[in-house]
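Peer 1: Next up is a structure, given as structure tokens.
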Amino acid sequence: LGMKAGVALNPHTPVESLSELLHDLDLVCLMSVNPGFGGQSFIERTYEKVRTLRAMGDAVGANFHIEIDGGVTTSNAAALVAAGADVLVAGSSIFRADNPGEATTAIKNA
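So the mapping is simple: the working numbering equals the position in the sequence shown, first residue as 1, plus 72.
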């Protein structure tokens with residue numbers, strides 16, 4: 073059918089809760105702010121959650137993307153990718169910028 077399976081975890085949900093599902097997932101979205109409204113500060117423990125989730129997937133040969141949603145900026149984008157993230161959602165840092173195009177490019181090049 074061409075569909076993909078994904079799940080989103082709130083900041084306080086442990087990534088270990090997905091251990092039995094990893095082979096069934098195409099994408100895991102880790103919320104790095106509390107859901108509800110934009111412009112919140114990035115939750116620093118997200119880096120460790122990304123590393124843990126990536127290691128869990130690698131350990132069992134699961135192939136899924138890790139998406140980070142919330143508080144993504146040029147100052148944390150490179151570290152998130154280095155930790156194992158594949159997809160970054162950067163709403164406020166782009167749409168609140170004076171030049172959204174330049175902000176997008178800056179995050180992609182971070």
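Where a beta carbon is used, it is the ideal one built from N, C-alpha and C, also for glycine.
Short of 6 Å in beta carbon distance, which residues of its chain neighbour H95, apart from the five on each side in sequence? Order them along the chain.
Peer 2: Excluding sequence neighbours, H95 sits near A134.
Peer 1: If we count Cβ pairs, one from each stretch, closer than 8 Å, do we get three or more for the stretch 162 to 182 versus the stretch 125 to 133?
Peer 2: At 8 Å Cβ cutoff, the stretches do not touch.
Peer 1: Evaluate A155 with the Cβ neighbour count: other Cβ atoms within 10 Å of its Cβ, from every protein chain shown; 16 or more gives buried, anything less gives exposed.
Peer 2: Label assigned to A155: buried.
Peer 1: Rounding to the nearest angstrom, what Cα-Cα distance links K180 and V100 in this structure?
Peer 2: Roughly 20 Å separates the two Cα atoms.
Peer 1: Please work out which residues of its chain come closer than 7 Å, Cβ to Cβ, to A80, disregarding the five sequence neighbours upstream and downstream, and give them in chain order.
Peer 2: The answer, listed in chain order, is C101, M103.
Peer 1: What do you reckon, are the CB atoms on P107 and G142 nearer than 9 Å?
Peer 2: It is a contact, given that the beta carbons lie within the stated cut-off.
Peer 1: Please report how far the alpha carbon of L160 lies from the alpha carbon of G111, in whole angstroms.
Peer 2: L160 and G111: Cα-Cα distance of roughly 15 Å.
Peer 1: Provide the residue span of the beta strand (DSSP E) that contains I138, from first to last.
Peer 2: Here the beta strand (DSSP E) through I138 covers 137 to 141.
Peer 1: Return the residue from the list R117, G163, I115, V122 that minimises the CA-CA distance to L90.
Peer 2: The shortest Cα separation from L90 among R117, G163, I115, V122 belongs to V122.
Peer 1: Measuring alpha carbon to alpha carbon, tell me which of F109, R126, T124, F114 ends up nearest A149.
Peer 2: Comparing Cα positions, the closest option is F114.
Peer 1: Anyone know if the C-beta pair for I25 and T118 falls short of 9 Å?
Peer 2: The structure shown has nothing for residue 25, since the chain only spans 73 to 182.
Peer 1: Pick out whichever of A162, L93, A178, L125 has its Cα sitting closest to the Cα of V105.
Peer 2: Of the candidates A162, L93, A178, L125, the one whose C-alpha sits nearest the C-alpha of V105 is A162.
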